[in-house]
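Here's the structure, in C-alpha cells; my notes come after.
2 protein chains.
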Amino acid sequence: MEFKQIKNNKVYEQIIEQIRELIYEGELKKGDKLPSERQLKKDLGVSRASIREAFSALEMIGLIESRPGEGTFIRDSFDEDFFNPLSLILLLNDNVAEELLELRRVLEIDCVKLAAERATAAEIEEMQSYIDDLLSSSGYEEESIKADKMFHYTIAQASGNKVLLFFMRSISEAMDFHIKNTRTKLVSKKETMSEFAEQHQQIFKALKNHDPEKAGAEMRNHLDYVEKLINKEIEG
Amino acid sequence: MEFKQIKNNKVYEQIIEQIRELIYEGELKKGDKLPSERQLKKDLGVSRASIREAFSALEMIGLIESRPGEGTFIRDSFDEDFFNPLSLILLLNDNVAEELLELRRVLEIDCVKLAAERATAAEIEEMQSYIDDLLSSSGYEEESIKADKMFHYTIAQASGNKVLLFFMRSISEAMDFHIKNTRTKLVSKKETMSEFAEQHQQIFKALKNHDPEKAGAEMRNHLDYVEKLINKEIEG
DNA sequence: TGGGACAGATGGTCTGACCATCAAACCAAA
DNA sequence: TTTGGTTTGATGGTCAGACCATCTGTCCCA
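Just so you know, the protein sequences line up as chains A and B, in that order.
Remember, the working numbering sits 27 above the position in the first sequence when you count from 1.
Remember, the working numbering sits 27 above the position in the second sequence when you count from 1.
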C-alpha cells in the first residue's frame, strides 16, 4: 500500500504556482506588468487578501515589485540592492562566518579566473577606478569599504555568469549582516590598508593581463590574508 | 545639493524588520513559537492582513512555518525539501543552463574535495547505498534519478558546509525546473548509464579513501561528461 | 481506564471599505 | 509653447470584521 503525502495547498501558494508556470512558459518576462490585484481577484476567484499574500512573498524574494498607483511588475534588474532573504536564513545557522568565508574562497577564486578570461575593456576600466579609490583613501572608512566591495562585485560581473554574481552578492550581504550583528570590526591600521591595496593591485594586474592562473593565485593570497585578519579578530 | 531617496516602508516590511532584529539578538531561535497573529495584531497595532503578508513572505523563503490550529514557528530544520525561491529568480535569466552548469562545476569540484577530507563513516555508508541503487537500477528511471541526486546531495552534506549545501540545492532545483521546462531529456541509453555508474564509483572510491585531489579530478571528469551530454541534447 | 464531546485558540480565507499614490488628460496662466 | 495646477480613474496599501477548519487540552461518562 502506498500513500501520498497530503499537501496543504494554501491559496497564496497556488497563486504563486500559477505565476511560476507563466514564467516557465515565457509568458511573463522581465519588466512585464502583472494584472491588477482586483483583476486577478476576478480571474482567479479568490480574495484580494490572498493575492496580496502571494505578492508580498514574491516581492520579498525580489521577483516582483509593487508600485502604488501603477501596478505590479516583474523586476527587470536584479543588480540593484534589494534585501536578500538568503542572509536572513543564514543567520540562524551556527558557524556562519566560517562557512561563508570558506564558500567565498571556493567561489571567488574560480570567479576571478573566469573574469580574467572574459573581462571587457569597460569592466577593466571600472575596476581601475575602484583601485584608484582604494589607493587615494586614507583609512578604512565608508568610501574605501564601498570601493573594496565594488571591486569584488565587478570581478563577479566580469565573470559573465549572472548566477555566480547573484551568489557572490548573497554571501557578501550575509557577511555584512553577520559583521554588523557580532559588532566585529576589521582592523583599520595603516599597514593593513596598504597591504589590502597592494593585494588588490596584484589581482587587478593579473586580471588586466588576462592571466587566469595568476589572478586566481593572487585572489587566494588575498583571501588568506582576510581570513587571518578575521580569525585574529575573533580570538581577540 | 543632495537628496536622499525616500523609502517606502510598507507595514509588512516593518514587521519583518522587527522579526529580523529579534533573530539578531537571539531572542528568536530555531523552533521557537511566534506570538499568534491576533496577539501580534494587538502588540504591533496593525491589522491581521499585514501580519499575514509578512508571514507569507517569511514562509516563502523558508524561515517560518505556520500550522493551522497550532501557531507559527521558526523552522528548525532547513534540510528538508521546501520550495527554494532562488530557483524561481534564476529562471528569469538567459543562458541559465550554461551558467548553472558552470557554477555547479565550480562548486561541486571543491565540494567533493572538502567532502573527501571531512566525510564521516555514516555519510560514506549512505553514499555507498546510493551507489548500489545506481548499479542495480536497469535504466534511467525515476529511482536512479533520485539515487543520482541523493549521491550528490550527500557529498554536499559531507562537505560540512551548510551554506554550500544550500547553494547546491538551489542549483539542482533550478536545473530540474529548467530541464522540465525545456522538456530536455537526458539520454537513457545503456552505455550512458553504465558510464554514469562507473564515474560515480570512481568519485566515491576517492572520497572513501579521503583523497581530495583524486576526488576532485573524478568529479571534474564526471561533469565534463554530463556537460557533453547536455550540449549534445541542445544541439540535437 | 479509555474514548468521545466540547470549548478555546489558532491559522486560512473572504468581504467590503477607505486611504495614498500615480498616470493621463485637461485646463489655465505666463 | 511652456509650465504648473486640477480632475479623474485605476492601482496598491491598510484595516476591521466575519466565518471556517484544525489542533490542543479538558472534562465527563461508560
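Even for Gly, the Cβ is constructed at its ideal location relative to N, Cα and C.
Rounded C-alpha distance that separates residue i from residue j
i                         : j                         : result
alanine 201 of chain B    : serine 114 of chain B     : 4 Å
proline 239 of chain B    : isoleucine 50 of chain A  : 40 Å
alanine 174 of chain B    : methionine 177 of chain A : 41 Å
valine 38 of chain A      : alanine 81 of chain A     : 8 Å
glutamate 153 of chain B  : lysine 68 of chain B      : 47 Å
leucine 192 of chain B    : lysine 235 of chain A     : 33 Å
glutamate 92 of chain B   : arginine 47 of chain B    : 15 Å
histidine 179 of chain B  : valine 73 of chain B      : 46 Å
glutamate 254 of chain B  : valine 253 of chain A     : 34 Å
proline 112 of chain B    : glutamine 66 of chain A   : 25 Å
leucine 71 of chain A     : proline 62 of chain A     : 11 Å
methionine 220 of chain A : glycine 243 of chain B    : 36 Å
glutamine 155 of chain A  : leucine 162 of chain A    : 11 Å
aspartate 251 of chain A  : aspartate 251 of chain B  : 30 Å
Closest Cα partner of residue i within the set the options
i                            : options                                : result
isoleucine 172 of chain B    : B:Val190, B:Glu245, B:Ile50, B:His227  : B:His227
glycine 53 of chain A        : B:Met154, B:Met195, B:Asn120           : B:Asn120
isoleucine 136 of chain B    : B:Lys68, B:Met195, B:Thr99, B:Phe82    : B:Met195
lysine 232 of chain B        : B:Ile158, B:Met220, B:Val38, B:Gly98   : B:Ile158
aspartate 203 of chain B     : B:Arg65, B:Leu118, B:Gly243            : B:Leu118
methionine 246 of chain B    : B:Gly58, B:Ile101, B:Ile230            : B:Ile230
alanine 76 of chain A        : A:Tyr252, A:Arg102, A:Glu40            : A:Glu40
phenylalanine 100 of chain B : B:Leu134, B:Glu64, B:Glu48             : B:Glu64
isoleucine 206 of chain B    : B:Glu222, B:Gly243, B:Val123, B:Asn248 : B:Val123
glutamate 222 of chain B     : B:His249, B:Leu55, B:Ser197            : B:His249
lysine 241 of chain B        : B:Leu55, B:Glu48, B:Ala143, B:Lys255   : B:Ala143
glycine 187 of chain A       : A:Ile257, A:Arg47, A:Thr147            : A:Thr147
asparagine 258 of chain A    : A:Gln45, A:His237, A:Pro112, A:Leu128  : A:Leu128
glutamate 44 of chain B      : B:Leu85, B:Asp251, B:Ile116            : B:Leu85
asparagine 36 of chain A     : B:Ser83, B:Gly58, B:Leu71, B:Ser74     : B:Ser83
leucine 141 of chain B       : B:Asp251, B:Tyr252, B:His237           : B:His237
arginine 94 of chain B       : B:Gly58, B:Val73, B:Phe193, B:Asp70    : B:Gly58
alanine 183 of chain A       : A:Pro62, A:Leu134, A:Gln155            : A:Leu134
leucine 55 of chain A        : B:Ser164, B:Lys56, B:Asp70, B:Ile116   : B:Ile116
Limits of the unbroken beta strand (DSSP E) element including residue i
i                       : result
arginine 75 of chain B  : Segment 75-87 is the alpha helix (DSSP H) holding arginine 75 of chain B; no beta strand (DSSP E) there.
threonine 99 of chain A : 98-101
serine 93 of chain B    : 91-94
Whole-angstrom C-beta distance between residue j and residue i, which should lie under 8 Å
i                         : j                        : result
valine 190 of chain A     : glutamate 126 of chain B : 5 Å
alanine 185 of chain A    : arginine 145 of chain A  : 6 Å
isoleucine 88 of chain A  : methionine 87 of chain B : 6 Å
lysine 60 of chain B      : glycine 98 of chain B    : 5 Å
threonine 181 of chain A  : glutamate 150 of chain A : 6 Å
arginine 102 of chain A   : leucine 90 of chain A    : 6 Å
glutamate 170 of chain A  : aspartate 160 of chain A : 7 Å
isoleucine 198 of chain A : leucine 130 of chain A   : 6 Å
First through last residue of the alpha helix (DSSP H) which encompasses residue i
i                       : result
leucine 141 of chain B  : 123-145
serine 164 of chain A   : Run containing serine 164 of chain A: none; DSSP gives neither H nor E here.
serine 186 of chain B   : Premise fails: serine 186 of chain B is in no alpha helix (DSSP H) and is neither H nor E.
leucine 71 of chain B   : 64-71
glutamate 54 of chain A : No alpha helix (DSSP H) holds glutamate 54 of chain A; DSSP gives it neither H nor E.
Any non-hydrogen atom of the ligand SAM closer than 7 Å to residue i Cβ
i                    : result
lysine 37 of chain A : Among the components of this structure there are no ligands whatsoever, and the ligand SAM is therefore not found.
Residues within the segment 127-157 of chain A neighbouring chain B, beta-carbon criterion of under 7 Å: Leu127, Glu129, Leu130, Val133, Leu134, Asp137
Residues of the segment 78-93 of chain A with Cβ closer than 9 Å to any Cβ of chain B, in chain order: Arg79, Glu80, Ala81, Phe82, Ser83, Ala84, Leu85, Glu86, Met87, Ile88, Gly89, Leu90, Ser93
Between the segment 161-180 of chain A and chain B, which residues of the former have CB atoms less than 9 Å from a CB of the latter, in chain order? none
Using Cβ-Cβ distances below 8 Å, what residues of the segment 57-80 of chain A are close to chain B? Lys57, Ala76, Arg79, Glu80
Below 7 Å between beta carbons is the criterion; list the residues of the segment 34-53 of chain A that meet it against any residue of chain B, in chain order. Listed in sequence order: Tyr39, Arg47, Ile50, Tyr51.
Residues, ordered as in the chain, of the segment 181-206 of chain A that lie near chain B by beta-carbon distance below 7 Å: Asn188, Lys189, Val190, Leu191, Phe194
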